[in-house]
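First comes the structure, then the notes that go with it.
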Amino acid sequence: MSATANPFSLRKQLAFYGSYHTDPVNVAIHIIGVPSIIFATSTLLAKQGSIFPYIQDHSPLAAAYLSQAGSYLASLLPTQIFQYAQLNPAAIFMGIYWLYYSVLDATAALMLAPIWYGLWYGSTLLARTHPDATKIAIGIKAFGWISQFYGHGVHEGRAPALLDNLLGAVVLAPFFVFLEVIFHFGYRPQLQKELKNDVGKLVTKYRTDQAKAKRAKVQ
1 MSATANPFSL RKQLAFYGSY HTDPVNVAIH IIGVPSIIFA TSTLLAKQGS IFPYIQDHSP
61 LAAAYLSQAG SYLASLLPTQ IFQYAQLNPA AIFMGIYWLY YSVLDATAAL MLAPIWYGLW
121 YGSTLLARTH PDATKIAIGI KAFGWISQFY GHGVHEGRAP ALLDNLLGAV VLAPFFVFLE
181 VIFHFGYRPQ LQKELKNDVG KLVTKYRTDQ AKAKRAKVQ
């Protein structure tokens, strides 16, 4: 089952990623580490500032619509969760990820939306108000990556998925850990059952291939 065969198949994508994350401790580490990386990446992107002036220069009509949309959202949301919002590269980054998740599973993506907004808004707040935001983001990102490599090396005993499919692993990771959490609360039990079966087959194939490779070296 290749993750690249159908990037819009939720089951195939999760089975691929899940086959690299079968150890409970490693999964728990990822539940903390993956959002940390997303937050840090978003912070670094938010440090680049608003892209609205660029849009104004190149497409005044689009800028006018965006301004109206922003004003409307500001009227709906409490000041505390909107006052530092801006259309920055982080918003584009987070938006593209979320749209992809919506294609994979619209319901789960809607459930993720408040958390996703919180990560983006929090990172934008940090970027706009803290003088050491870049250093903090780099530290958080380092923690996220180191913790995951530790989880794979010590607990999973298998290299991270990104070594086999960088794009799939990096993009899918946040959605995978979110689904791992909501599965425990009864979300789509049939899908969870099917994924366990798919992951089991992929792990068995991996171990069989590894055993064959070892025997070939001995011979």
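Each residue of the sequence shown is one higher than the last, beginning at 1 in full-length UniProt numbering.
Using N, Cα and C, we set each Cβ at its ideal position, and we do this for glycine too.
Reduced DSSP category for residue i - H, G, I as helix; E, B as strand; rest coil
i, result
"H21", "coil"
"A51", "The question names Ala, but residue 51 is Ile in the sequence shown. The answer is coil: DSSP assigns I51 none of H, G, I, E or B."
"Y100", "helix"
"N165", "coil"
"F149", "helix"
"N6", "coil"
"N197", "helix"
"D209", "helix"
"P174", "helix"
"F183", "helix"
"F39", "helix"
"P60", "helix"
"P89", "helix"
"F82", "coil"
"G122", "helix"
"R158", "coil"
"residue 278", "This structure cannot speak to residue 278, because the chain is shown only from 1 to 219."
"H30", "helix"
Alpha carbon of residue i to alpha carbon of residue j, nearest angstrom
i, j, result
"Y121", "Q210", "44 Å"
"S147", "L110", "28 Å"
"I37", "S102", "21 Å"
"K217", "W145", "32 Å"
"M94", "T208", "38 Å"
"A40", "R188", "30 Å"
"I81", "E194", "39 Å"
"S59", "H152", "47 Å"
"A106", "L191", "14 Å"
Own chain residues within Cβ distance below 6 Å of residue i, not counting five before or after
i, result
"S19", "V199, L202 and V203"
"A161", "Y17, Y20 and A169"
"K141", "I37 and A40"
Same chain only: Cβ atoms within 7 Å of residue i, ignoring 5 sequence neighbours per side
i, result
"A90", "S42, L45, A46, W120, S123 and T124"
"A159", "H152"
"F143", "S36"
Contacts around residue i, its chain only, beta-carbon distance under 8 Å, and the 5 residues preceding and following it disregarded
i, result
"Y150", "I29"
Any non-hydrogen atom of the ligand MN within 8 Å of residue i CB
i, result
"K135", "This structure simply doesn't include the ligand MN, nor any ligand for that matter."
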